[in-house]
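Residue numbers (our numbering): 3 to 404.
Virtual Cβ for every residue (Gly too), placed ideally from N, Cα, C.
In this text, all values refer to a predicted model and were calculated from it rather than measured experimentally.
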């Protein structure tokens, strides 16, 4: 009980002018009035304190019940069975049954005889059944994903009159998130493009400097760039002139404009190959299928002059003649220049030119994934050792005493 009550009187100025005047006024009040004032203040304080305690106890009781319900045995949570231990009387306050033997934390402060055997054989069988269900569900989900994977090659190909069949999926090494482009293949692919494909197709977004120390050494790239004549200018007299190419020049275009390209290719303009692999769905597989899909037209199919039959091109007829064949060029490194090898190498080069920084992105992603996995592992271990004690404690609440 409090033994003091607010005194009557004014502010600080009166205290300095008349020291002790509040005590004098309080002493002149009747004793019953003073007792009533003290009791009134004490009752107000105790009511407020009781309200706060009851509110906190109700909140803690509700949170504790939520924890108990969340940790009840089920298919989702089979680690802790608190209610059964509490009913049996073998529950240990603050003890985690799943920590290694001999490991204690600051929340452990009691122990029972059967602390390491909190479950009976029947209960352990039920918990193992729950675990079996979880493993079965995960295995079923993985099997369903494998069966319904849209990237699985269909057994039968159906196509309409104008639709081309889907290109077969090729096991290119760079498709995996853990693998990179094979630079020897990219180097040979550039050789195929330079000697075969560049006669019709351009790469306007690529410069010779992009290949320096990535595909070929700087000295070799300077030799290749100097083999082209580049129109530059104007000079001092205001005229355009021709000079040997340098590393900062873009790949030369085979045609000065689209009209010239259309006239030279039976009305079709060869597409630019700078980002062609990224523009097509399954770009690497599509390009490989086009390069290797030339066939004789089937019975009953008649093509116009200047068109060729390709199985994987829309409509089946294409203006581009078969660009590759066995031993059409001779590789500088001595690799046998078969039809499939030439197609594979030029596909790798076109994919690399679409995004030369793909390998750096994959490397950064692998490092970030490893770092996040390590951080999640450390966070999980810390959370388990720090909060397993409070989560497995039994808290009893009694009636508040004032």
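Can residue i and residue j be called in contact, C-beta distance under 8 Å?
{"i": "residue 203", "j": "residue 286", "result": "no"}
{"i": "residue 332", "j": "residue 339", "result": "yes"}
{"i": "residue 310", "j": "residue 324", "result": "yes"}
{"i": "residue 284", "j": "residue 169", "result": "yes"}
{"i": "residue 255", "j": "residue 207", "result": "no"}
{"i": "residue 305", "j": "residue 321", "result": "no"}
{"i": "residue 296", "j": "residue 312", "result": "yes"}
{"i": "residue 188", "j": "residue 233", "result": "no"}
{"i": "residue 176", "j": "residue 353", "result": "yes"}
{"i": "residue 355", "j": "residue 223", "result": "no"}
{"i": "residue 278", "j": "residue 166", "result": "no"}
{"i": "residue 358", "j": "residue 209", "result": "no"}
{"i": "residue 294", "j": "residue 341", "result": "yes"}
Could you check where the alpha helix (DSSP H) with residue i kicks off and where it finishes?
{"i": "residue 194", "result": "185 to 197"}
{"i": "residue 365", "result": "360 to 393"}
{"i": "residue 245", "result": "Taken as a continuous stretch (DSSP letters only), residue 245 belongs to no alpha helix (DSSP H), being part of the beta strand (DSSP E) at 243 to 246."}
{"i": "residue 25", "result": "23 to 30"}
{"i": "residue 260", "result": "260 to 266"}
{"i": "residue 270", "result": "Residue 270 -> no alpha helix (DSSP H), and no H or E assigned at all."}
{"i": "residue 179", "result": "First-last for residue 179: undefined, no H or E at that position."}
Rounded to the nearest angstrom, what separates residue i and residue j at their Cα positions?
{"i": "residue 367", "j": "residue 300", "result": "48 Å"}
{"i": "residue 214", "j": "residue 248", "result": "12 Å"}
{"i": "residue 140", "j": "residue 55", "result": "47 Å"}
{"i": "residue 239", "j": "residue 246", "result": "20 Å"}
{"i": "residue 253", "j": "residue 244", "result": "15 Å"}
{"i": "residue 316", "j": "residue 308", "result": "16 Å"}
{"i": "residue 191", "j": "residue 361", "result": "17 Å"}
{"i": "residue 116", "j": "residue 62", "result": "Any reading at residue 116 must be qualified, since the residue scores a pLDDT of 40, below 50, and its modelled position is unreliable; the value itself is stated next. If you take the alpha carbons of residue 116 and residue 62, they lie about 29 Å apart."}
{"i": "residue 225", "j": "residue 198", "result": "19 Å"}
{"i": "residue 257", "j": "residue 231", "result": "14 Å"}
{"i": "residue 23", "j": "residue 65", "result": "53 Å"}
{"i": "residue 431", "j": "residue 178", "result": "What is shown of the chain runs 3 to 404, which leaves residue 431 out entirely."}
{"i": "residue 241", "j": "residue 184", "result": "44 Å"}
{"i": "residue 195", "j": "residue 345", "result": "10 Å"}
{"i": "residue 96", "j": "residue 68", "result": "Bear in mind that a pLDDT of 45 at residue 96, under 50, signals an unreliable position, so the number given afterwards is only what the model happens to contain. Roughly 17 Å separates the two Cα atoms."}
{"i": "residue 10", "j": "residue 28", "result": "Its pLDDT being 46, under 50, residue 10 is placed unreliably by the model, and nothing is read from it."}
{"i": "residue 378", "j": "residue 46", "result": "51 Å"}
{"i": "residue 229", "j": "residue 374", "result": "49 Å"}
{"i": "residue 100", "j": "residue 392", "result": "Residue placement at residue 100 is flagged as unreliable, the pLDDT there being 41, under the threshold of 50; the coordinate-derived value follows with that caveat. Going by the C-alpha atoms only, they are around 14 Å apart."}
{"i": "residue 394", "j": "residue 136", "result": "23 Å"}
Under a three-way DSSP split, which group does residue i fall into?
{"i": "residue 287", "result": "helix"}
{"i": "residue 39", "result": "helix"}
{"i": "residue 168", "result": "coil"}
{"i": "residue 275", "result": "coil"}
{"i": "residue 249", "result": "coil"}
{"i": "residue 330", "result": "coil"}
{"i": "residue 321", "result": "coil"}
{"i": "residue 110", "result": "Residue placement at residue 110 cannot be trusted, given a pLDDT of 43 that sits under 50; the coordinates are not used to answer."}
{"i": "residue 303", "result": "coil"}
{"i": "residue 312", "result": "strand"}
Looking at the secondary structure, which residues open and close the beta strand (DSSP E) in which residue i lies?
{"i": "residue 348", "result": "That residue, residue 348, is in no beta strand (DSSP E); its alpha helix (DSSP H) goes 341 to 356."}
{"i": "residue 234", "result": "231 to 234"}
Rounded to the nearest angstrom, how far is the Cβ of residue i from that of residue j, given a contact under 8 Å?
{"i": "residue 369", "j": "residue 182", "result": "Residue 369 to residue 182, Cβ: 14 Å. No contact."}
{"i": "residue 193", "j": "residue 334", "result": "7 Å"}
{"i": "residue 260", "j": "residue 227", "result": "Not confirmed; about 25 Å, so no contact."}
For residue i, decide whether its Cβ has a neighbour in chain B, counting only Cβ atoms nearer than 8 Å.
{"i": "residue 366", "result": "In the structure shown, chain B does not exist; there is a single protein chain."}
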